[in-house]
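What follows is a single structure, written as structure tokens, with notes after it.
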Amino acid sequence: MSRVVLLDADPIGLVTNPKLSPQSTLCTRWLPTLITSGNRVIIPEIADYEVRRELLRANKVSGIARLDELANLVEYLPITTTAMRQAAMFWAQARQQGQPTAGDRTIDSDMILVAQATTLNVVNFVIATTNVGHLSRFAPADLWQNITPG
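When we follow the numbering used here, the leftmost residue of the sequence shown carries the number 13, and every step to the right adds one.
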């Protein structure tokens, strides 16, 4: 059974950034190794939204094109009612525990991402991120650099 790797907005942003910084170059090289080694790589819709809205705001046409190419290269996970209801449960749970992951008036995309991951109903998954702290309280998450292809 292959591992499922869900991409958070930060790794997606690095891969779609047309200005190749050392970090984005590393991430751009890392992603194809995941795919070719048999991992199931997924872009959750909420992560696409986070990256896309900023690219649109800044009118970064080449970044939008790269995001569209990436979405065609890997699996795309639409937001479902089940995921949104689970996200609401995670949001409430975090606040009941006194550990919110975002402000009370925000949509809290971290909770939507975690809910998308957990409602996939797969056992072997990890969220590739730069924000392990918030996400790992609810689902397996690791820095993208730590997720090896094998």
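A virtual CB, placed ideally from N, CA and C, is assigned to each residue, including glycine.
Note down, one range per segment and in chain order, each beta strand (DSSP E) of at least 3 residues found wholly within the region 66-148. 87-89, 137-141
Taking three-plus beta-carbon pairs below 8 Å as touching, is the region 67-75 in contact with the region 20-32? When C-beta atoms of the region 67-75 are compared with those of the region 20-32, three or more pairs fall below 8 Å, so the two segments count as touching.
Can you give the beta carbon distance from Glu62 to Ser148, rounded, assuming they're within the 8 Å contact cut? For a cut-off of 8 Å, the C-beta gap from Glu62 to Ser148 is around 18 Å, too long to register as a contact.
Option nearest Gln98 by Cα separation, candidates Leu43, His146, Ile124: Ile124
Return yes when the Cβ of Leu89 is within less than 8 Å of the Cβ of Pro56, no when it is not. yes
Can you check whether the CB of Asn143 is closer than 8 Å to the CB of Asp60? no
Return the chain-ordered ranges of every beta strand (DSSP E) run that is complete within the region 29-58 and spans a minimum of 3 residues. 52-56
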